[in-house]
Amino acid sequence: MSLETETKRRRTFAIISHPDAGKTTLTEKLLLFSGAIQIAGAVKGRKASRHATSDWMEIEKQRGISVASSVMQMSYRDHVVNLLDTPGHKDFSEDTYRVLTAVDSALMVIDAANGVESQTRRLIEVCRQRDTPIITFVNKMDREVRDPLDILDEVERELGMPCCPITWPVGQGKSFGGIINLRTQSMTVFAPGSEKRPQDFEVIPLTEADKLRARFGQAFDDAMESMELAVGASTAWDHDAFLAAKLTPVFFGSGVNNFGVMEVLDAVVDMSPSPGPRVSTVLVNKQPVQKEVKPSDLGFAGVVFKVQANMDANHRDRIAFVRVASGKYEPGMKMKVQRTGKELRPTSVVTFMSQRREAVEEAYAGDIIGFTTHGGVQLGDTITDGANLQFTGLPFFAPEMFATVVLKNPLRTKQLQQGLMQLGEEGAIQVFKPDAGGNMLLGAVGQLQFEVVQHRLKTEYDAEVRLESSQYTSARWITAETPEALREFETTYPLRMAHDAANALAYMCTSPYDVRLAQERFPKIQFHPLREHA
Ligand code: GDP
19 MSLETETKRR RTFAIISHPD AGKTTLTEKL LLFSGAIQIA GAVKGRKASR HATSDWMEIE
79 KQRGISVASS VMQMSYRDHV VNLLDTPGHK DFSEDTYRVL TAVDSALMVI DAANGVESQT
139 RRLIEVCRQR DTPIITFVNK MDREVRDPLD ILDEVERELG MPCCPITWPV GQGKSFGGII
199 NLRTQSMTVF APGSEKRPQD FEVIPLTEAD KLRARFGQAF DDAMESMELA VGASTAWDHD
259 AFLAAKLTPV FFGSGVNNFG VMEVLDAVVD MSPSPGPRVS TVLVNKQPVQ KEVKPSDLGF
319 AGVVFKVQAN MDANHRDRIA FVRVASGKYE PGMKMKVQRT GKELRPTSVV TFMSQRREAV
379 EEAYAGDIIG FTTHGGVQLG DTITDGANLQ FTGLPFFAPE MFATVVLKNP LRTKQLQQGL
439 MQLGEEGAIQ VFKPDAGGNM LLGAVGQLQF EVVQHRLKTE YDAEVRLESS QYTSARWITA
499 ETPEALREFE TTYPLRMAHD AANALAYMCT SPYDVRLAQE RFPKIQFHPL REHA
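All the letters of the sequence shown, read from the start, carry residue numbers 19 to 552 under my numbering.
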C-alpha cells in the first residue's frame with residue numbers, strides 16, 4: 019500500500035475523562051470489540067496514575083503494564099486505530115498535555131450523572147488550544163442520571179462548541195430502554211450484562227413506532243420529544259466543523275454493559291481525521307524557517323512525546339514514545355536525533371498491541387513506536403532518517419512548586435546528577451540548575467511528582483535525597499530582543515538565573531509580583547510561562 023493509503027486508514031486518538039467516568043472500562047470494550055484483546059478484565063495497571071502515593075509506588079513496580087497499556091494499537095474495519103491513554107491524576111497533568119500533542123482527535127467520556135467535571139475541563143482546554151476534534155460519549159446511562167438535554171447544554175457551554183447528537187437515550191437508570199440512532203433512524207435495545215457483543219443487541223426501525231411505544235411506553239415518547247428538541251436546538255452534522263473543532267458529535271451509552279460502544283468505535287473510524295501535516299522548523303541559511311511536514315512525505319520523521327523508564331530497574335533503559343509524523347519506519351533503518359545530530363541505535367523498537375509489545379515491522383504517520391534507549395533522547399526530540407527538521411509544539415509548563423535537593427550521602431553526587439538528568443529528560447520533573455551554583459532545584463506541577471522522584475532516585479539511582487522547601491514559587495523562561503538586553507538582565511539578577519534540563523534559561527520568581535516588576539524594568543525581555551521544545 020502507498021504511504022497515502024496507509025496514512026488515510028489511520029486514526030490516532032486519546033481518551034480524556036475525569037477519574038471514574040468510565041475511561042478504563044470503555045478502553046477495554048473498544049479493545050474487545052476490535053478484537054485486540056480476547057477477554058475483558060485485561061486492561062489492568064492503568065489505574066496507577068490516580069492512586070495515592072503509597073499505592074502508586076507499589077504499582078510503579080509493575081510499570082511494565084502501564085507502559086504497555088498507555089498506547090494501544092488495534093485494527094478495525096481495515097483501519098489502524100491508535101488509542102493513547104492519558105494519566106488521570108492531576109499531578110501528572112503535564113504528561114497528559116504532551117500525550118494530547120501526539121493525537122489527531124480526542125474521545126471525551128463523561129459520567130451522565132456528573133456531567134463535565136474538573137479534570138475534563140482542563141483537558142478540554144488543551145484540546146481547544148490545539149483545535150483537536152472531540153467526540154463526546156455520555157456514559158452510565160443505566161444509572162439514575164441527569165436529563166440528556168441538560169447534559170448537552172452543559173457540554174456545549176464547557177466545550178464552547180455546539181453539540182450534534184448522533185444517538186439519543188430512551189429512558190435512563192432502571193427504565194433505560196436503549197438508544198435511538200439518528201442516522202439510521204432505528205433504536206438499539208438495551209440489555210444489561212457484560213457478555214453481550216454489539217451484534218447481539220436488538221435493532222428496531224423507528225418506522226415501527228407502535229411497537230416501540232408498546233414496549234417502552236412513556237419513555238419512548240419522552241425520548242422522541244426531547245430528541246426533537248435537541249435536534250431543533252443543535253447544529254446539523256457538519257463534518258468540516260467537527261474537524262475544525264467547532265462541533266462535537268454526542269453519543270450515549272453504558273460502557274460497562276458494552277452498550278453504545280460500537281457506535282463510538284465506528285465514529286472514530288468514520289468521523290475522526292487521519293493524520294495531518296505537522297509544523298516543524300528547518301534551518302535555511304542558518305535561519306529557522308517553518309515548514310509543514312506531510313504524512314506522505316517520503317522521509318521518516320517523528321517526535322518524542324513521552325519517555326518512560328522501563329520496568330527493569332537493573333537495566334536503566336527507557337522507552338521513548340515516538341509519534342510518527344511522516345514517511346515509513348522500517349526495522350534497521352538509520353535514524354538521527356536532530357538535537358544532537360547523533361545516530362540513534364535503539365536496542366529494540368516496539369509497537370504496542372494492548373498488553374503486548376511487539377517488534378515493529380512497519381509504522382506510518384499516526385502510529386506510535388517505542389524505542390528502547392539508554393539515554394541521549396529527550397522529550398520533544400525529533401527523530402528523522404536524516405532530514406534536517408525539528409518539530410515544535412511539545413509544551414512544558416512553568417512549575418508551580420519548587421524544592422531544593424539535598425543529597426544525604428555526598429559520595430552519591432554522580433548518581434544524583436545522572437538520576438536528575440534522566441528524570442528531567444523523561445519529564446517526570448523539571449530540573450533547574452542555578453547559574454550561581456548550589457543545590458539543584460526541582461520544579462513540579464503537582465506534589466506527587468516530588469514524591470515519585472524522591473522514591474525513584476533512591477530505588478533506581480541509589481541516591482537518597484531530602485527535599486527542602488524552596489523560596490521560589492514560579493519560573494519563567496527567558497528570551498530577549500537582543501543579546502545585550504539579555505546580558506544586562508542576567509547581571510541584574512545573577513542569583514535568580516537557572517538553566518533547565520534542556521539548557522533553556524529561566525528566571526526564578528519568589529512572588530507573582532516578581533515577573534511584573536522585572537518586566538516593567540526590562541521591556542526587551544520576554545517571560546514565558548510555557549516552553550515549547552524547539
Ligand atoms: P475511569 O476511572 O474513568 O477509568 O473509570 P472506570 O472505567 O474504572 O469506571 C469507574 C467505575 O464506574 C467502575 O466501577 C465501573 O465499573 C463503573 N462504570 C463504568 N461504566 C459504567 C456504566 O456504563 N454504568 C455503570 N453503572 N457503571 C459503570
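Glycine included, every Cβ here is placed at the ideal spot set by N, Cα and C.
In the structure shown, the three-state DSSP call for Arg-357 is coil. The closest CA to that of Gln-408, considering only Lys-229, Ser-204 and Val-355, is found on Val-355. Judged by DSSP in its simplified three-state form, Asn-275 adopts helix. Rounded to whole angstroms, the gap between the alpha carbons of Ala-120 and Arg-341 is 6 angstroms. Counting along the chain, the unbroken beta strand (DSSP E) around His-517 starts and ends at 515–518.
Under DSSP, the beta-bridge partners assigned to Asn-100 are Thr-30 and Gln-91.
Looking at Phe-415, Val-483, Phe-277 and His-36, the one whose alpha-carbon comes closest to that of Leu-438 is Val-483.
Within its own chain, the residues whose Cβ lies closer than 7 angstroms to the Cβ of Ala-516, once the five positions on either side in sequence are excluded, are Phe-450, Lys-451, Pro-452, Asp-453, Leu-459, Ala-524 and Met-526, listed in chain order.
Ranked by how close their Cα comes to the Cα of Gly-294, the residues Val-311, Asp-288, Arg-116 and Gln-147 have Val-311 in first place. Beyond the five residues adjoining it in sequence on each side, Pro-180 comes within less than 7 angstroms, by CB distance, of Glu-174, Ser-252, Thr-253 and Leu-265 in the same chain, given in chain order. Going by C-alpha positions, Gly-133 is about 7 angstroms away from Glu-172. Leaving aside the five residues that flank Lys-41 on each side, the residues in its chain whose CB is nearer than 6 angstroms to its CB run, in chain order, Ile-33, Ser-35 and Val-127. Contact between Phe-420 and Arg-549 does not hold, since their C-beta atoms are separated by about 16 angstroms, which reaches or exceeds 8 angstroms. When Cβ pairs closer than 8 angstroms are counted between the two stretches, the region 267–285 is seen not to touch the region 299–309, the count staying below three.
If you draw a 10 Å sphere on the C-beta of Tyr-531, you find fewer than 16 other C-beta atoms in it, and that means exposed.
DSSP places Val-121 in the coil class of the three-state scheme, outside both helix and strand. Straight through space, the alpha carbons of Ala-383 and Lys-542 are spaced by roughly 40 angstroms. With a threshold of 16 other beta carbon atoms within 10 Å, Met-19 falls short and is exposed.
Arg-539 and Lys-432 have their C-alpha atoms roughly 39 angstroms apart.
Annotation: the continuous alpha helix (DSSP H) that includes Gln-137 extends over 136–147. Inclusion of Arg-29 and Val-287 in the CB contact set at 8 angstroms is warranted, their separation being smaller than that value. The region 449–520 is shown to contain whole beta strand (DSSP E) runs of 3 or more residues at 459–462, 483–487, 492–498 and 515–518, in chain order. Annotation: Gly-464 to Gly-250 spans about 44 angstroms, alpha carbon to alpha carbon. An exposed status is given to Met-351, since fewer than 16 other beta-carbon atoms sit within 10 Å of its beta-carbon.
For Arg-539, the uninterrupted alpha helix (DSSP H) run begins and ends at 530–539, by DSSP. In this structure, the C-beta of Gly-273 approaches the ligand GDP to less than 7 angstroms from one of its heavy atoms. Per the coordinates, the alpha-carbon of Thr-497 lies some 25 angstroms from the alpha-carbon of Asp-113. At a Cβ-Cβ threshold of 8 angstroms, Arg-95 and Ala-131 do not count as neighbours. Fully enclosed beta strand (DSSP E) runs of no fewer than 3 residues occupy 196–199 and 204–207 of the region 192–221, in order along the chain. Residue burial is scored here from C-beta neighbours: Ala-232 has fewer than 16 other C-beta atoms within 10 angstroms and is therefore classed as exposed. Looking at Gln-137, Leu-247, Leu-118 and Glu-24, the one whose alpha-carbon comes closest to that of Asp-168 is Leu-247.
Using a cutoff of 7 angstroms, the CB of Thr-138 does not count as near the ligand GDP, since none of the ligand's heavy atoms is closer than that. Here Asn-427 is exposed, its C-beta having fewer than 16 other C-beta atoms within 10 Å. Taking 3 residues as the minimum length, the beta strand (DSSP E) runs contained wholly in the region 368–449 are 374–377, 386–391, 400–402, 413–415 and 419–425, in order along the chain.
Under the three-state reduction of DSSP output, Glu-550 falls in the strand class. Assigned with DSSP and collapsed to three states, Lys-229 falls in helix.
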